[in-house]
Each structure stands twice: as structure tokens, then as C-alpha cells.
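Numbering (our numbering), first residue to last: 10 to 582.
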């Protein structure tokens, strides 16, 4: 499961900040002054390595992680002792967390300018972290005197802004796009009105075949140093160094090309971040690294400040290499055709995954068809006296206006396109099913007691309190899905991860029914519900992952990638 979703209630975890430790606020000027005393490149390496270490842990707020880290960073300093005492006084609190470390990289790029480490390195770094935590908290605090609707919008903006900090399983994303290319070569893909010759277009736009591209990604991962151990945190080993390829062989041109097209120099980023007014402390403020997640320090050294940015770019790079390429060639209509083509595939992919569910759990699965001049729901699962109606959508949030700029109108427009429009279709189909206008072979609608509607999305997205409450508000205002169980917005990665657990006494409707009845769980994503409130299921899913369809597909891809790597003269051990 993605570690990016481990905290559905961010306000429960008190962030230990400047105010808590020193009983006074911090200023941005203070943060800038502290960071200016560090050498930029060395600080970026340390922050990136620390982030990679912290990101290995599922529960960042665990005292067994936080307190030793504080001691490691602070040594015997008085500030470290004060932070540790504050941590003990506030159980469940957090001092170090991935978003903090990623964002501090941005401010290090902007302000760090020294030639060597400061004499009070430990104290200065801890103070910078405390200052950031305070400034980030102030940025996300509810506005004083705001109305209920304004407070809800603030919460929605906070959650939408966290989209770049969420990731999917990289292996699944790569297999998903490989399936897309495979389908495009099939008779069904070629018969589509939106057909695109993906292989030819990708070779033209990316300068390599899709197999070479995905294998280059494989090599980039191999180039990365393993996540540092606790004892290595103060060692400045750069995570990615082209000079450190196994065996000392020359790096294949495909790998260097991928790194070059997915990196930006620290000097270039400094010019961009220096114009940011007012400064932004949330992860969306790192927008310059969302699609190009590597920072080039010098000739062949690179760091990745955000693991989720890095893995998202690795996976989604295949899709955007085509879409951005079409747009760069002023082929916007071809870009729209491509997104429709992917949408067709995504619906078929979701249906195939659902049929795998049905085969494991003795359920019945139906795809869409025409009835009375209308189209039925994309996918329907019948499980005893319950049904799951699923609409599939490949639309994504607008990166610049919704995720980065957090424009309220753009956010609501995207929610309308991604969720509400699909809810309209679900509502019509459920109503027609109840009135027997929509019939499924061998299914008696009178025996179906509960219907669970799902909108299945391609993009990892926040589904915590704010977004869910806004969706429920819009559905109620429009009178949609008021006679069904609550609408579940689910990302495809979560949907895929359920497959190995189904058929072992679990049905999708049973899981959704339990979530619906859970006072806290009903307000979070299904991924978070499983992680926090169904630990046995979470453990089962982890154990059975190797037996999943996705695992077998990934093994097949890995075998082909290994063969290609060997053809480049590199060991794949």
C-alpha cells in the first residue's frame, strides 16, 4: 500500500514547531537566515537521504522513529532535548515528516549559499525544521471568522494540494501502461474510432521505443543508492550518480536521456522559486518538480527530494510523453484523441480487473451495454443480495490551475467532470435498475437490498474529510444517489490491490459495507480504511500480493526488461 496515505487525520498529529518549543512564532526571514548558513548541494543531499529514510516507515508519527531521529540529528544539543521533551508531552505528535523534508529542499535551493557547513549545524537544521513546521501550520490554519462553506473550501484546497504527495505502486502503473500499448496493437484497439499508433508516435516523440523507455526507468531505479540506514544518515552519498553504474560501464543513452528530460538544475529552480510571493509551504509549492522530479547538482549527480514525485513521474511519464509530445507539435486535437483512446482502454481494463474479482469471489460481473437508447453502467458486480455499480473515468485534475494554483473554480470544475458527471450516470442506471428498465440476465432486482456506487479514477487523489464532504454536499444539492449507499471514489491502484484478497472470504460489497458503518472509516479513502481499521486484511493483501495478476504481469515485464538491459552490456543482478 502507498505510504502516502497513512495519515487521514492530519490535525490529530500535532506538528512540533517553533511555537511549541520556544513559545514564540517563527518568521520566513528566520527560516531563510538559518538555511543560508548551509552549502546548498550538500544540504540537498542530506535532506533527500533523510527523506528516503523516513519514507521507509508506514507510521511516520511513531515515537520509536521520531525520538531516535531527533537525537541523531541534534546530538547532545539543548534544542534536541527540548524537542524530545515536547514530543513526549504530546503523544502521537510529529517533528520530521516527508512533506517537510521535500519542502525544505525548495527553500534550500532558494537560500542556502555557504561554502561549508555551519559550526552549529545540528542546531541550525533543527531550528529550520521547527520554523518550517510553524509556517506550514499557519498556512493551513482555518481563517478566523470564515463561514462554514469557506472553511470547507479551505479544507478541500488543502487536500487537493496534497495530490502531488500521493503515489501509486510503480510496478502497477508501468504494467497498466504496458497493457495500454498491448491493447493498441490488438484488433479491438485498431478498430477504435480514436485509434492512435502508440508505438510509432512514442518512438517519434520520445526518441526510443516504449520497451527501451520503461527499461531506462528500470535502470534509473537501479542507479539509485539503497535507502540509507540509520547509521548512514549523516553521510553525504548522492542518491543518483551516473558515474556509479554497476561494473563501471558507460550509462546507456536511453538512461541519460530519461534523466536529462526529467531533471532541472538547482540554479534554474532557484530563479523560479525566488519569484514565489508569498512563499508556499505545502507540497504543491514544489510544482517545478512534479513532472521533473530530479534536481541536478552538478555534472552527473542528482537528488530526488520527493519519493512520490519521483515514482509518479516514473509511472506517468509514459502517458505524458505522448500527451505533451502531441501538444508540443501543435496537435491538440490528436492529444484529445489520445486521451479518449486511453479512456476506452481504461474502461476495458477496469472491466477485466472486475472480472478477475468475480472469478475469485463467485460473483457475477457485467460490462456496459445499450438499453432503451441509453448506456448501462460501465461495470456491475452482483454479490448475493448486494450490487456494486462502477463508473470509470480517466479524467485527471488540472495540474496547474487546480493542484498548484488551488483555484476554487477549477477544483469544482474538475470534481464536476471527474465525480459528479459520473454520479449522474450512476443515479440514472440505479433508478432504471430499481424500476426494471435496466435488466441483467439472471438477476432479480427485487432481491438486491443494497447498491454501492463507485467512481473509479485513474489518478491518486485525496479522499479525506474536505473533498468527501464537498462531494456529498454537491450530490445532495443535485439529488443524486440519495437512495443508495454512500458514493465511493476509488483510485485504480486500490482497486487492483484488492484482487489477491478477494475469494478468501471477502467480497467487495462486504468491505464497502463495513467501511460505511465505521464512524471514522466512512470519511476516509478505502486505502486508508484498510490500513487503519482493517490491519488483518492489510496484512493478507501484502502476503498475497505475489499471487496477484499484477504480480505475474510485472514478473513478465521484468523478464523482458532484464533481457534488454543485458543487451546493453549491463548486469541486471
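C-beta: ideal position from N, C-alpha, C; glycine also.
Please read all numbers here as calculations on a predicted model, not as lab measurements.
Is the distance from the Cβ of residue 373 to the Cβ of residue 367 below 9 Å?
Residue mapping note: residue 373 aligns to position 364 of the chain shown, counting from 1. Residue mapping note: residue 367 aligns to position 358 of the chain shown, counting from 1. Against a cut-off of 9 Å, the Cβ pair of residue 367 and residue 373 comes out as a contact.
When you compare each of 452, 390 and 508 to residue 554 by their alpha carbons, which one comes out closest?
Reading the chain shown from its first residue, position 545 is the one you call residue 554. Here the closest residue by C-alpha is 508.
What is the DSSP secondary structure of residue 499, reduced to helix, strand or coil?
Taking the chain shown and counting its residues from 1, the one referred to as residue 499 is at position 490. Looking at residue 499 - three-state DSSP - the assignment turns out to be strand.
Would you mind stating whether residue 401 and residue 351 have Cβ atoms separated by less than 9 Å?
Mapped onto the chain shown, residue 401 falls at position 392. Mapped onto the chain shown, residue 351 falls at position 342. No, they are not a contact pair.
Alpha carbon to alpha carbon, how far is residue 467 from residue 417? Give it in angstroms, no decimals.
On the chain shown, position 408 is the one that residue 417 refers to. On the chain shown, position 458 is the one that residue 467 refers to. Each residue's alpha carbon lies about 22 Å from the other.
According to DSSP, simplified to helix, strand and coil, what is residue 9?
No information on residue 9 is available, as it lies outside the stretch 10 to 582 that the chain covers here.
Decide if residue 210 is buried, meaning its Cβ has at least 16 other Cβ atoms within 10 Å, or exposed.
Counting from one through the chain shown, the residue named residue 210 turns up at place 201. Residue 210 should be labelled buried.
So the alpha helix (DSSP H) residue 117 belongs to, where does it begin and stop?
The sequence position of residue 117 within the chain shown is 108, counting from 1. Taken as a continuous stretch (DSSP letters only), the alpha helix (DSSP H) holding residue 117 covers 107-120.
Restricting to runs no shorter than 3 residues, where is the beta strand (DSSP E) found entirely within the region 265-306?
272-274 and 303-305
Suppose you measure from the CA of residue 566 to the CA of residue 371; what does that come to, to the nearest Å?
Translated into the one-based positions of the chain shown, residue 566 becomes position 557. Translated into the one-based positions of the chain shown, residue 371 becomes position 362. Distance between the alpha carbons of residue 566 and residue 371 is about 29 Å.
Who are residue 465's beta bridge partners in DSSP?
The sequence position of residue 465 within the chain shown is 456, counting from 1. According to DSSP, which records beta bridges pairwise, residue 465 is partnered with 401 and 499.
I need the DSSP call for residue 430, collapsed to helix, strand or coil.
Translated into positions along the chain shown, residue 430 becomes position 421. Residue 430 falls in the helix class under three-state DSSP.
Mind checking which residues open and close the beta strand (DSSP E) that includes residue 388?
Within the chain shown, numbered from 1, the residue matching residue 388 stands at position 379. Counting along the chain, the beta strand (DSSP E) containing residue 388 begins and ends at 388-392.
Run through the region 473-498 for me and flag every whole alpha helix (DSSP H) of 4 or more residues, listed as ranges in chain order.
474-487
Tell me which residue opens and which closes the beta strand (DSSP E) that residue 66 is part of.
Counting from 1 along the chain shown, the entry for residue 66 is found at position 57. Note, residue 66: premise wrong, no beta strand (DSSP E); not H, not E.
Expressed to the nearest angstrom, what Euclidean distance is found between the alpha-carbon atoms of residue 503 and residue 549?
As a first step, residue 503 is located in the chain shown; it is residue number 494 there, counting from the start. As a first step, residue 549 is located in the chain shown; it is residue number 540 there, counting from the start. Spanning the two alpha carbons is a distance of roughly 14 Å.
Can you tell me whether residue 499 is buried or exposed? The criterion is at least 16 other CB atoms within 10 Å of its CB, across all chains shown.
Locating residue 499 in the chain shown gives position 490, where the first residue counts as 1. Its Cβ being crowded by 16 or more others within 10 Å, residue 499 is buried.
At what residues does the beta strand (DSSP E) containing residue 376 begin and finish?
Residue numbering aside, residue 376 sits at position 367 when the chain shown is read from its first letter. Run containing residue 376: 373-376, per the beta strand (DSSP E) assignment.
Do residue 225 and residue 264 have their beta-carbon atoms positioned less than 9 Å apart in this structure?
Stepping through the chain shown from its first residue, residue 264 is reached at position 255. Stepping through the chain shown from its first residue, residue 225 is reached at position 216. In contact: residue 264 and residue 225 (Cβ atoms closer than 9 Å).
Which residue's Cα is closest to the Cα of residue 88: 208, 145, 137 and 474?
On the chain shown, residue 88 is found 79 positions in, with the first residue counted as 1. Taking only the C-alpha atoms, the option nearest residue 88 is 137.
What's the call for residue 194, buried or exposed, on a 16-neighbour Cβ count within 10 Å?
Here residue 194 refers to the residue found at position 185 of the chain shown. So residue 194 ends up on the exposed side.
Rounded to whole angstroms, what is the Cα-Cα separation between residue 573 and residue 221?
Residue numbering aside, residue 573 sits at position 564 when the chain shown is read from its first letter. Residue numbering aside, residue 221 sits at position 212 when the chain shown is read from its first letter. Computed Cα separation, rounded: 8 Å.
Of the choices 560, 403, 470 and 295, whose alpha-carbon is the least far from that of residue 533?
Walking along the chain shown from the start, residue 533 turns up at place 524. For the residues 560, 403, 470 and 295, the minimum Cα distance to residue 533 belongs to 470.
Identify every residue that forms a DSSP beta bridge with residue 396.
Within the chain shown, residue 396 is the residue found at index 387, counting from 1. Beta-bridge pairing links residue 396 to 391 and 460.
List the DSSP bridge partners of residue 250.
Your numbering for residue 250 matches position 241 in the chain shown. Among the bridge pairs identified by DSSP, residue 250 is matched with 310.
Out of 481, 434 and 506, which one is the CA nearest neighbour of residue 497?
Residue mapping note: residue 497 aligns to position 488 of the chain shown, counting from 1. Nearest C-alpha to residue 497: 481.
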